[in-house]
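Following: one structure in C-alpha cells, then a few remarks.
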Amino acid sequence: MTDDRSPRLVWTADGAPRSGRFDDVYFSREDGLAESRAVFLAGCGLPQAWLGRRRFTVAELGFGTGLNIVALLDLWRREGPADGRLNIFSIEGYPLSRAEAAQALGNWPELADVARALLDDWPEPTPGFHRIDLPGFNATLDLAVGEAAWALTQWSGRADAWFLDGFAPSTNPGMWSDAVLDGVAARSAPGARVATFTVAGSVRRGLAERGFAVEKKPGHGRKRERLEASLPGGATGGPVPTIAIVGAGIAGAALARAFAAAGVGCTVVEAGGPGAGGSGFPAALVTPRLDAGDGDIAALHAQALGRARTLYAAVPGAILADGVLQLEQMARDAGRFAKVAAQDIWPEGAMATVTAADCADRLGEPVEGGGLLMRDAFALAPRPVLEAWLADAGRITGAVARIEPGPAGWRLLDGAGQIMLEAEVVILAAGWGAAGLAQALPLAPVRGQADWVEGVTVPPVAWGGYAVPTGDGLLFGATHDRGETTTATDPESTARNLATLTARLPQLAGRIRGGEGASRAAVRATTPDRLPLAGALAPGLFTLGGLGSRGFCVAPLLAEHVAAMVLDTPSPLPVALAARVQPSRFKITDPLAQQPLEREAFPRG
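For reference, each letter of the sequence shown is one residue, going 1040 to 1644 in my numbering.
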C-alpha cells in the first residue's frame, strides 16, 4: 500500500486511535462502543427496524477500526431474526492494518469473539471491493477500499440503514460532498434510516434536499446533538424464487454454494454428474488473466483470484500447491510482467518478477528467460470442491434438451419433450453445453486434452502449456483445438502435449516419457472478447458461462454476482466490472433462438 492511502495512525496517551491525516479520533475516548450503539444502532431504529425481515442491509461511510460493524454484528447475533441474513457494505479510503484494528478493538474484551470473526478475515488494503464472510452471524460484509463517491456509484445494493461515520465535515469534507450524499440517496431502500454524529448545516440541508426527513437528537457524551433521518416508504421484498441450475461443473457448483450461503435452496440438473465436462480433470490451475493495459480486466481477475482462494481454502484437500510460476515466452514478457507486478490491485508481494536462475531453482532445471511468480495463484483438486459445494443442492440427473417459458417461469424438458423441472429462475451454467440450449449465446468451442502421470511432480508452472501437481503425480497439457467438440482422447494430442513440455522443460519431459499415464479431453466455451458471461438473459433466465480457461479462478466470484442478481441482494462485484461480463454487451435479443451464431474459432482478443 502506498503512503498516500495511509491513515497516518497515531495513538493518544489513553490508547485511543487517531488519524493524523484528518486530525480526528476514530471513536470517543469516553466510550466508543456506547457511542456506536447510541448514535448508529439506536439512531437507525435497531433492532426494531429489522424485526420480521428475512434480509436487511446496512451501509456505512467510514469503516475505520470496524467498531460500528462489531457492535452491529453483536446486536444482530443477539436480536436478529432467526432465519435472517444481514448484508453490510462499508467504505474506507485509508484502511488500517489488521494489527492496528486489533489494538483498537481490544478496548472492548466483552466483544472479543465478534471482533475476532472480523479480524480473522481482515481484508487487504488494495483498491476495490473485498468480501468478508461471517457465517457465524448469518452476515456478509463487502468493504470498498477507495473514495466514497466512487464506491457508492459502484455498489449495487440498497441500504435499509446508513451509518454516516466519516471524519468531521470540517476535516474531511469529501466524505460529505454532494456526490456522496447523492450516492446515499440513490442507494437507499424505501423507508431507509440514516444516523450520524454530525449536525453540520450542510449535512442537514443535503439530506433534506434529497428527500430525507431530518431530525436533531440529543448527542452522546460531550456531543450535544446528533442527526437522524429517514425516507418515506416501507420495506419491500417478495418470496424467494424456485431456482434451477443447469450444469454441475465449477460454474454450477459455485452457484449452488452461493445460494446455500445466502440461505436459499436450489436444484442442479446435470446429464453426466459433477465434473462431467471441463471441471473433471484431477487438477486445475487457478490463475488470473494478466492484463497490463485494461485496468478493469485486471481488477476483475485480481478480485476473483482473492475470492477463489478464500473459498477454496475452506474445502479440505482442495488446494494442492501454492504459487504458480508464469514463464516468459517472448522478449516483451519481461516488461509486461514488471507492469503487472506494479499494479496496485495485488496485495503486497503477490506478484513478483523472477530471474532465469530463480526459475531454475524452483523447477529443478535450467530455464531460458525469467518469469512472474504469482504467490496467491495455486493448484486445485476440483473433485472435493464439487462434492462440497453441491452437497446441499437438490439434484436431478438427466440431459436438458430444451428450455421454454412456463406458467411458473421456465420449464426444462428432456429429449422426449417431458418436463424435467419447472422453476421461476433458471441459470445456464453448462459450459459448452449451454450453446445447445441458448444458441444465440456468443460461444465458441475449444477442445482441450490433458495428460497425467503418477510419481512425477514439479511446482505449478505455466507458459504456452502448463504442468500442475495432482497430489500423487503431474498433469500437463493442454491442447487448444478451436472449433472442435469431440471429447475422445487420441495419441496425437498426447504427443503434442509432450512436445510442448519438452520444448520448455526437457528434463521434466524426460522423467515423464515412458511412464504409464492417462488422458482426458473436454470442451471449453469461449466468447469473442475472452471474458465470461455472467448475468441476465431474460426475466428469470440467467447464465454463468463462457469461462474459457479461467473458470476455476472467476467462477466463485461471478457465481456470487449472479446469485445476488437473482435474489436482489448486493453484489460483491463493482458495477463497472459487472458491466464487462454482462451478457447484454453482445446485444442478445432472443437467447433461446434456434439460429446459432457462426461458431468457428473467434479471433483472440
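Every residue, glycine too, gets a C-beta built ideally from N, C-alpha and C. Remember, predicted model here, so these are calculated numbers, not experimental data.
Counting only runs of 4+ residues, the alpha helix (DSSP H) found wholly inside the region 1367-1443 occupies 1372-1381, 1395-1402, 1421-1429, in chain order. Rounded to the nearest angstrom, the Cβ distance from PHE1320 to LEU1514 is 6 Å, consistent with a contact under 8 Å. Counting of Cβ neighbours within 10 angstroms places GLN1488 among the buried residues, the total reaching 16 or more. In the DSSP secondary-structure assignment, PHE1128 is bridged to ALA1098, ASP1181. When the Cα atoms are used, ASP1397 and GLY1503 turn out to be separated by approximately 19 Å.
Cβ atoms of PHE1236 and LYS1256 stay farther apart than 8 Å, at about 10 Å. The alpha-carbon of GLY1314 is positioned some 5 Å away from that of GLY1288. Judged by DSSP in its simplified three-state form, PRO1056 adopts strand. By the neighbour-count definition (other C-beta atoms within 10 Å, threshold 16), MET1413 is a buried residue. Proximity of the region 1541-1549 to the region 1440-1450 falls short of the contact definition, fewer than three beta-carbon pairs being nearer than 8 Å.
The C-beta of ARG1244 has fewer than 16 other C-beta atoms within 10 Å across all chains shown, which makes the residue exposed. Contact between ALA1290 and ALA1527 does not hold, since their C-beta atoms are separated by about 24 Å, which reaches or exceeds 8 Å. Per the DSSP secondary-structure output, LEU1048 pairs in a beta bridge with SER1058. Take SER1227, set aside five residues on each side of it, and the residues of its chain with a beta-carbon closer than 6 Å to its own are ALA1198, LEU1270, in chain order. According to the DSSP assignment, ARG1232 belongs to the beta strand (DSSP E) that extends over 1227-1235. For the pair ALA1293 and MET1604, the Cα-to-Cα distance works out to about 15 Å.
Remark: three or more beta-carbon pairs, one from each stretch, lie closer than 8 Å, so the region 1471-1479 and the region 1560-1571 are flagged as touching. In the displayed model, PHE1206 falls within coil according to three-state DSSP, outside both helix and strand.
Around the Cβ of MET1390, a 10 Å sphere holds 16 or more other Cβ atoms; the residue is buried. The bridge partners DSSP lists for SER1269 are ARG1232, ALA1252.
Under DSSP, TRP1449 forms a beta bridge with PRO1444, ALA1462. Here DSSP, grouped into helix, strand and coil, assigns SER1588 to helix.
The residue among SER1610, GLY1587, ARG1434, LEU1606 with its C-alpha nearest the C-alpha of LEU1596 is SER1610. Residue environment analysis places LEU1329 among the buried positions, since at least 16 neighbouring C-beta atoms fall within 10 angstroms of its C-beta. By the neighbour-count definition (other C-beta atoms within 10 Å, threshold 16), ALA1353 is an exposed residue. Sixteen is the threshold: when 16 or more other Cβ atoms of the shown chains lie within 10 Å of the Cβ of VAL1153, as they do, the residue is buried.
A straight-line Cα-Cα distance of about 11 Å links VAL1184 and LEU1191. Taking the C-beta atoms as reference points, PRO1280 is found no nearer than 7 Å to GLU1407. With distances taken between CA atoms, LEU1616 lies nearest to ASP1335 out of TRP1115, TRP1428, ASP1335. For the alpha helix (DSSP H) assignment, the uninterrupted runs of no fewer than 4 residues enclosed by the region 1517-1554 are, from N- to C-terminal side, 1530-1543, 1545-1551.
Secondary structure of GLU1309 (DSSP, three-state): strand. The beta carbon of PHE1066 lies closer than 6 Å to those of LEU1106 in the same chain, with the five residues before and after it left out.
Only exposed fits LEU1090, as fewer than 16 other CB atoms lie within 10 angstroms of its CB.
By the criterion of a C-beta distance shorter than 8 Å, ARG1060 is surrounded in its chain by SER1045, PRO1046, ARG1047, TYR1133, once the five residues flanking it on both sides are discounted. For THR1192, the enclosing alpha helix (DSSP H) stretches over residues 1187-1193. Around the CB of SER1623, fewer than 16 other CB atoms lie within 10 Å, so the residue is classed as exposed.
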